[in-house]
Amino acid sequence: MRVDVVTVFPDYLAALDLSLIGKARQAGLLDLRVHDLRDWTTDRHRTVDDTPFGGGAGMVMRPDVWGTALDDVLGDDGHLVVPTPSGEVFTQRHAEALATEEHLVFACGRYEGIDARVAEHYRASGRRVSELSIGDYVLNGGEVATLVMVEAVGRLLPGVVGNPESLVEESHGAAGLLEYPVYTKPPVWAEHEIPEVLLSGHHAKIARWRRDRALERTATRRPDLIAALDVAALDKHDLAT
Ligand SMILES: CN1CCCC[C@@H]1Cn1ccc2ccc(-c3n[nH]c(N)c3C#N)cc21
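In this text, residue positions in the sequence shown follow the working numbering: the first is 10, and each later residue adds one.
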C-alpha cells in the first residue's frame, strides 16, 4: 500500500517512522510519503490560507493550493481521506475497508479547515473521498487524526503484525466486543491475585471466561456496541477458541 500525507506540519508525522509502522515501511509493506503543502504555493510567503467568505473568525485553507497538490499526489488510483470533525466517525470497519485500498492520500487541514470545494471537486470527478472524524472532540488540525488512521489501517496490512491471529481477538474486532482484561506475572502483585481460571490450563473455560468478561465490559462501558453486536461472528469466534 502507498500512503501519501499532505500537511503544513510534515514533522508531525515523524512518529510513523517508529515501531510497527516504521518497521513496515522498512520492510516495504507500506510506502509512506509525507509532503509539505507549502511546496505547492507560488507566492513568496508560501500562503496556504485566506479569509472566510461570509465572514467569521479564523482562516480557511485555499482550494487552489490544495487542488494543485492533490492533482499531483492522488495520481490515477488515490483514495482521498480528509480528516475533519464534521466527518463520519472513524471505526474499525473504516480501517478494514481502507486497508483494502492500494493508495490512500490524507489531506491534513489546519485553521478553520479546507475549502469545502476541494472534497466536492474530487468526489465529483469520480474519486473515492472519505471525510472522517476520529471522535467527538475538537483538535487543531488533521495530523493527529491521520496518525491514528494510518496506524489503525497499517497494522491490518499483511505481514505488519507478527501474529495475524491476534487481530481477530481484539477490541472492536470481528465480534465487535471490547477486549477482556489481561494479566501477566507476578501471580500476586500488591496483594492482587489473578483470576483462578487463568491458572487452570482449561482452555475452554478460559475462553468462556474471557468472552464473558468482554461481554460484561462492553455492556457496561459501551452499551451502544451491544445493539450492533454481530452474534454470528461472536459465536463463530467463541466456538473457534
Ligand atoms: C479548531 N478548528 C476550528 C473548528 C473546526 C476544526 C478546526 C481545526 N481543524 C482544522 C482541520 C482539522 C481536521 C480535523 C480536525 C478534528 N478535530 N477533531 C477531530 N476528531 C478531527 C478529525 N479528524 C480538526 C481540524
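Virtual Cβ for every residue (Gly too), placed ideally from N, Cα, C.
Close beta carbons around residue i, own chain, < 6 angstroms, minus the five adjacent residues each side
{"i": "R55", "result": "R47"}
{"i": "E97", "result": "L141"}
{"i": "P94", "result": "S142 and V147"}
{"i": "D86", "result": "E111 and H112"}
{"i": "D43", "result": "First, the residue type needs correcting, since residue 43 is Val and not Asp in the sequence shown. The answer, listed in chain order, is V14, P19 and L22."}
{"i": "L248", "result": "Bear in mind that a pLDDT of 45 at L248, under 50, signals an unreliable position, so the model cannot answer this."}
{"i": "P266", "result": "In this structure the chain extends from 10 to 250, so residue 266 is not present and cannot be described."}
{"i": "G151", "result": "P92, C117 and G118"}
Ligand 2 heavy atom lying under 6 angstroms from the CB of residue i
{"i": "L148", "result": "The model depicted lacks ligand 2 and carries ligand 1 instead."}
As assigned by DSSP and simplified to three states, the class of residue i
{"i": "L248", "result": "Low confidence applies here, because L248 scores a pLDDT of 45, under 50, leaving its location unreliable; read the following figure in that light. Looking at L248 - three-state DSSP - the assignment turns out to be helix."}
{"i": "P55", "result": "According to the sequence as given, residue 55 is Arg; it is not Pro. Correct three-state label for R55: coil."}
{"i": "D6", "result": "Nothing about residue 6 can be read from this structure; the chain reaches only from 10 to 250."}
{"i": "V12", "result": "strand"}
{"i": "A66", "result": "coil"}
{"i": "I123", "result": "strand"}
{"i": "A237", "result": "coil"}
{"i": "A128", "result": "helix"}
{"i": "A116", "result": "strand"}
{"i": "V74", "result": "helix"}
{"i": "G31", "result": "helix"}
{"i": "D85", "result": "coil"}
{"i": "L41", "result": "strand"}
{"i": "P61", "result": "coil"}
Neighbourhood of residue i by C-beta, 7 angstroms cutoff - its chain only, sequence neighbours within 5 removed
{"i": "A24", "result": "L156"}
{"i": "E160", "result": "I30"}
{"i": "T227", "result": "L186, L187, L234 and I235"}
{"i": "L207", "result": "Y192 and I215"}
Same chain only: Cβ atoms within 8 angstroms of residue i, ignoring 5 sequence neighbours per side
{"i": "D124", "result": "V69, M70, R71, P72 and W75"}
### Query
Can you find at least 3 beta carbon pairs, one from the region 105-115 and one from the region 62-75, that sit closer than 8 angstroms?
With a cut-off of 8 angstroms on Cβ pairs, the region 105-115 is not in contact with the region 62-75, counting fewer than three such pairs.
#### Entry: Sufficient close CB pairs (3 or more, under 8 angstroms) joining the region 162-175 to the region 32-40
These segments touch.
### Segments assigned alpha helix (DSSP H), at least 4 residues, entirely inside the region 149-211
152-163 and 174-178
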